[in-house]
Amino acid sequence: MPAGELRYPSPLNSSAMETSPDEEEVWAQIKTEARRDAESEPALASYLYSTILSHPSLERSLAFHLGNKLCSSTLLSTLLYDLFLNTISSDSALLAATVADLRAARTRDPACVSFSHCLLNYKGFLACQAHRVSHKLWSQSRRPLALALQSRISDVFAVDIHPAAKIGKGILFDHATGVVIGETAVIGNNVSILHHVTLGGTGKACGDRHPKIGDGVLIGAGATILGNVKIGEGAKIGAGSVVLSEVPPRTTAVGNPARLVGGKEKPARHEECPGESMDHTSFISDWSDYII
């Protein structure tokens, strides 16, 4: 446990410490899973105790874990622990987003075996939670610290998100390695993004220059979206696609350069929410006659 928790208790007001039933339910499940894993794998018992079982709340466990993950010889874990805990505990929306992100990973990723597995081991989840804190710092004009935190997130998790980027809740960064998100990007709720995705600028524009991703969007592995373009609600971006223009809601864009399945004039539309269904390939039979 960080020394900071013993020597410098955080000054939290009563309203900030109130927890929702949803958070309490998820936290109780995490502790149950950690106890089970500690009993079945004694080699992990000390680790599980220090990261989960010794803490009274999800925000304290998350702050401890992030502090230890992102610390360096000059950016101490105790400093980061206090920073994460105070920031998360002072804004109920941050904790609600954390719970929504945990549920997103558990529901959408078949490789996610438990909430505790996500909390401890999913670097996409951890990078997103650390970004939420850096974004809060950025909005408070604490920009040098926000940028320092961004740098550590990039170093440790191989995920580079500018602190000014706005990210909704229920986000899944699946695998997450190589994800790059620019300064003026906006990501809605219930979005799923695979590894090596870039939400970047065109290299020549200033100001508002990064993509705007609507709710429920699915972005496949290796996709690149450039410029201040809108990806409509419930759209799907195929793996490896390069998107340079707007994608309408509930449509699928694939290829390099990307084109709409069904054609620009009358694109095929889907009813499901791909950001939640994680369906990457159902469009292929309607779009292509390619056979291996």
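No gaps in the numbering here: position 41 of the sequence shown is 41 in full-length UniProt numbering, and each next residue is one more. Even glycine gets a Cβ: it sits at the ideal position worked out from N, Cα and C.
Asked: Distance, R108 Cα to S277 Cα; Found: 7 Å
Asked: Straight-line Cα distance separating K236 from H195; Found: 15 Å
Asked: Beta strand (DSSP E) segments (min. 3 residues) lying fully within the region 187-249; Found: 198-200, 224-226
Asked: Proximity of V247 and A253 at Cβ, strictly below 8 Å; Found: yes
Asked: Option nearest K166 by Cα separation, candidates S141, H131, L145; Found: H131
Asked: Proximity winner among A97, N228, V186, relative to G203 (alpha-carbon distances); Found: N228
Asked: Every unbroken alpha helix (DSSP H) within the region 134-171, with a cutoff of 4 residues, ordered by chain; Found: 143-157
Asked: Separation of P42 from I171, as counted between CA atoms; Found: 32 Å
Asked: Assigned exposure category for P110 - 16 Cβ within 10 Å defines buried; Found: exposed
Asked: Assigned secondary structure, T252 (DSSP; H/G/I helix, E/B strand, else coil); Found: strand
Asked: Segment contact flag, the region 112-124 with the region 172-182, C-beta cutoff 8 Å, min 3 pairs; Found: yes
Asked: Simplified DSSP assignment, three categories, for E276; Found: helix
Asked: Boundaries of the alpha helix (DSSP H) in which D22 is found, first to last residue; Found: 21-40
Asked: Simplified DSSP assignment, three categories, for R259; Found: strand
Asked: Burial state of C112 (16 or more Cβ within 10 Å); Found: buried
Asked: Supposed close pair L149, V133 - CB separation, criterion 8 Å; Found: 7 Å
Asked: Where V99 falls: helix, strand or coil (DSSP); Found: helix
Asked: For G200 and D160, the rounded distance between their alpha carbons; Found: 11 Å
Asked: H65: first and last residue of the uninterrupted alpha helix (DSSP H) it sits in; Found: 58-70
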